[in-house]
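Trainee:
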Amino acid sequence: MISKMKLTVPALLVTAMFASHGANAKVSAEEAARLGKDLTPIGAERAGNKDGTIPEWTPAKQHGALKGEYPSDSEIAGEKPLFTITSQNMAEYGDKLTEGHKELLRRFPDSYKMNVYKTHRKVNFPEKIKEETVKNATRAELEGVDNPKGAFVGFPFPIPKSGAEPIWNHRVKWRGNALRRYNNQMIVQQDGSFTVTKIVEDVKFYYSNLTEENPPELKPGVDFLRYLSETISPPRIAGTYILVHEKAGFGTEGRAAWLYAPVLKRIRRAPAVCCDNPYEGTDGHQFYDQVDMYNGVLERFSWKLVGKREMYIPYNSYKIATPPTKYSDIAAPNHVNPELPRYELHRVWVVEAENKPDQRHTFKKRTIYLDEDSWNIVAIDDYDHQDKLTQFQEGHLVPYYNILAATTHCEVIYHLNSGRYFVTAMINEDEPYDASVSYTDNDLEANTVQKKASK
């Protein structure tokens, strides 16, 4: 549990200072001056740790085409594990493991393990993203948990003051100006058998966009991205479309969504594209707010910034995320094939989300872990209302040097009660992300989707 974590002195200070849940002020000019110096431009600690097990940040330069290239890193391709964490030695590393990883090691002592490799810190972002992130430190604010304002283009809260702020950094992180991507998914049974769903997604990013002449402010009621998914297979759900206009805020100001179901042959507003409602076609194995690890409104939870911690997390995960690895290689009984993930020691921000007494959600508490170098959520411990760990989410982080970004794929949701697990964001047997595309506003409107789906 989070109360047993061994936090550093700076992390303890963070805990004491940032446990409040009110409106969050901008950081001081003195604090912001650290960005680009002892802190990286997006807020990570530039230096390595005292033990030398976490190196200094050495950002990669951009290289590669925007289309047709799977992510890769020749420097690490031939590396061998430094050591392996198993059920027999897990106590030695317990202070650096999520509760989810500990549970998998305990449940499956004969098959589950974590291969730990040398740590590399090369994640980088375009100069404009870094420059605007530095500016955001003294101009961005967060009212409550769902109402940011004053942020433009870059990460809004590089020096977070509350638990909700790192989540906003994750939600609006730079991923390119627009993308076409495969999002293949599979439900894996206890015996390792699986079924695959194929989805193609088109995304236009309004916030964190380097082509917009007048980029929008991050604030309620204003789109920060538009998203369209088309289900390709299996046949029973093929032709389903989900359109989302993603906004800050909640209620009428927040997310607007539409669903096209082939059986109805029309597109309709879909207010249920939210929170702990099951995502279409996942047979209840993924909630809408588990897409991209976490992307729901924040109002149902109270958010606490616990601190920063050194942990073994999935990182530079090219082997599990790209060819020649196939989906049948990933799927194994009870958990993904343990020879494929790559774990490294990194510093992560730890955030706790507690379900508010007057708000419904399947989870009573979430413990969320975010990589300091990219603001990606890489793991979540999900607890039920009896304080039992019921699900564990794991995102395998992959840097993309062609667009200077990082994202998680594949992503795994372990259903600890049923023994099944769900894998999403897979591209291994299809095409890599295409960041050369562009979309107009009209391409991602409900009437356009209706015409496209009706052909």
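Reminder that position 13 of the sequence shown reads as 13 in this note's numbering, one-by-one numbering, no gaps. Think of the CB as a built atom: it goes at the ideal place given N, C-alpha and C, for glycine as much as any other residue. In this text, all values refer to a predicted model and were calculated from it rather than measured experimentally.
Looking at the unbroken alpha helix (DSSP H) that takes in Thr133, where does it start and where does it end?
Mentor: Position 133 of the sequence shown holds residue 133. Note, Thr133: alpha helix (DSSP H), Glu127 to Asn136.
Trainee: Please return the same chain residues whose Cβ sits closer than 7 Å to the Cβ of Gly249, not counting the five positions on each side in sequence.
Mentor: Locating residue 249 in the sequence shown gives position 249, counting from the first residue. Correct list, in chain order: Asp146, Asn147, Pro220 and Gly221.
Trainee: Which stretch, first to last residue, makes up the beta strand (DSSP E) that contains Glu372?
Mentor: Here residue 372 refers to the residue found at position 372 of the sequence shown. Here Glu372 belongs to no beta strand (DSSP E), and DSSP marks it neither H nor E.
Trainee: Indicate whether the contact test is met: 3 or more Cβ pairs, each with one atom in the stretch 187-201 and one in the stretch 421-430, closer than 8 Å.
Mentor: Yes: at least three Cβ pairs fall under 8 Å.
Trainee: Spatial neighbours of Gly22 within its chain, please: CB distance less than 7 Å, with the 5 preceding and 5 following residues excluded, ordered by chain position.
Mentor: Working through the sequence shown from its first residue, we reach residue 22 at position 22. With a pLDDT of 49 at Gly22, under the threshold of 50, the predicted position of this residue should be treated as unreliable, and no value is reported.
Trainee: If you follow the alpha helix (DSSP H) that Ser454 is part of, which residue opens it and which one closes it?
Mentor: As a first step, residue 454 must be located in the sequence shown, where it is residue number 454. Taken as a continuous stretch (DSSP letters only), the alpha helix (DSSP H) holding Ser454 covers Ala446 to Ser454.
Trainee: In the DSSP assignment, what are the bridge partners of Thr408?
Mentor: Counting from 1 along the sequence shown, the entry for residue 408 is found at position 408. DSSP output for Thr408 lists Leu397 as bridge partner(s).
Trainee: Can you look up Met90 in the DSSP assignment and give me helix, strand or coil?
Mentor: For the purposes of this step, residue 90 is taken as the residue at position 90 of the sequence shown. DSSP places Met90 in helix when its eight states are reduced to three.
Trainee: Going by the beta-carbon positions, is the gap between His170 and Trp375 smaller than 7 Å?
Mentor: Counting from one through the sequence shown, the residue named residue 170 turns up at place 170. Counting from one through the sequence shown, the residue named residue 375 turns up at place 375. Yes, the Cβ-Cβ distance between His170 and Trp375 is below 7 Å.
Trainee: Any idea which residues DSSP pairs Leu340 with across the strands?
Mentor: Locating residue 340 in the sequence shown gives position 340, where the first residue counts as 1. Beta-bridge pairing links Leu340 to no other residue.
Trainee: Is the Cβ-Cβ distance between Thr240 and Glu280 less than 7 Å?
Mentor: For the purposes of this step, residue 240 is taken as residue 240 along the sequence shown, with counting starting at 1. For the purposes of this step, residue 280 is taken as residue 280 along the sequence shown, with counting starting at 1. Yes; because the gap between Cβ atoms is below 7 Å, this pair is in contact.
Trainee: Taking the beta strand (DSSP E) that Leu305 belongs to, which residues open and close that run?
Mentor: Taking the sequence shown and counting its residues from 1, one reaches residue 305 at position 305. Leu305 -> beta strand (DSSP E) spans Phe301 to Pro314.
Trainee: Taking just the CA atoms, how far does Glu299 sit from Arg175?
Mentor: In the sequence shown, the residue the question calls residue 175 occupies position 175. In the sequence shown, the residue the question calls residue 299 occupies position 299. Taking the straight line from one Cα to the other gives about 25 Å.
Trainee: If you run the structure through DSSP and keep just helix, strand and coil, what is Gly22?
Mentor: Residue 22 sits at position 22 when you count from the first residue of the sequence shown. Note that Gly22 scores a pLDDT of 49, beneath 50, so its modelled location is shaky and nothing firm can be said.
Trainee: For Tyr383 and Asn337, I'd like the C-alpha separation in whole angstroms.
Mentor: As a working note, residue 383 is residue 383 in the sequence shown. As a working note, residue 337 is residue 337 in the sequence shown. Whole-angstrom Cα-Cα distance: 25 Å.
Trainee: What's the gap between the Cα of Ile413 and the Cα of Gln286?
Mentor: Your numbering for residue 413 matches position 413 in the sequence shown. Your numbering for residue 286 matches position 286 in the sequence shown. The straight-line gap from Cα to Cα measures roughly 8 Å.
Trainee: When DSSP labels each residue in this structure, what does Ile42 get in the three-state scheme?
Mentor: Mapped onto the sequence shown, residue 42 falls at position 42. Looking at Ile42 - three-state DSSP - the assignment turns out to be coil, as it is neither helix nor strand.
Trainee: Give me the Cβ distance between Ile242 and Ser229, rounded to the nearest whole Å; I'm assuming they're in contact under 8 Å.
Mentor: By 1-based counting over the sequence shown, the position of residue 242 is 242. By 1-based counting over the sequence shown, the position of residue 229 is 229. With a Cβ gap of about 5 Å, Ile242 and Ser229 count as contacting.
Trainee: For Pro323, which of helix, strand or coil comes out of DSSP?
Mentor: Taking the first residue of the sequence shown as position 1, residue 323 is located at position 323. Three-state result, Pro323: coil.
Trainee: For Pro81, report the span of its beta strand (DSSP E) as first-last.
Mentor: As a working note, residue 81 is residue 81 in the sequence shown. Where Pro81 is concerned, there is no enclosing beta strand (DSSP E), given that its DSSP letter is neither H nor E.
Trainee: Is it right to say Ser74 is buried, meaning 16 or more other beta carbons lie within 10 angstroms of its own, or is it exposed?
Mentor: Taking the first residue of the sequence shown as 1, we reach residue 74 at position 74. Exposed.
Trainee: Since Pro158 and Ile42 should fall inside the 8 Å C-beta cutoff, what is the C-beta to C-beta distance between them, to a whole number of angstroms?
Mentor: Taking the first residue of the sequence shown as 1, we reach residue 158 at position 158. Taking the first residue of the sequence shown as 1, we reach residue 42 at position 42. About 5 Å; that satisfies the 8 Å criterion.
Trainee: How many Å lie between Arg306 and Asp276 at the Cα?
Mentor: Taking the sequence shown and counting its residues from 1, the one referred to as residue 306 is at position 306. Taking the sequence shown and counting its residues from 1, the one referred to as residue 276 is at position 276. The question names Arg, but residue 306 is Val in the sequence shown. Roughly 24 Å separates the two Cα atoms.
Trainee: Enumerate in chain order the residues of its own chain whose CB-to-CB distance from Tyr93 is below 6 Å, with the five nearest sequence positions on each side excluded.
Mentor: Taking the sequence shown and counting its residues from 1, the one referred to as residue 93 is at position 93. Counting only Cβ-Cβ distances below 6 Å, and skipping sequence neighbours, we find Ile85.
Trainee: Decide if the stretch 251-263 is in contact with the stretch 429-442; the criterion is three or more beta carbon pairs, one per stretch, under 8 Å apart.
Mentor: Touching, no, given that fewer than three Cβ pairs across the two stretches are closer than 8 Å.
Trainee: Give me, in chain order, the residues of the same chain whose beta-carbon lies closer than 6 Å to that of His361; leave out the 5 immediate sequence neighbours on both sides.
Mentor: Along the sequence shown, one-based indexing puts residue 361 at 361. Correct list, in chain order: Asp276, Arg300 and Asn355.
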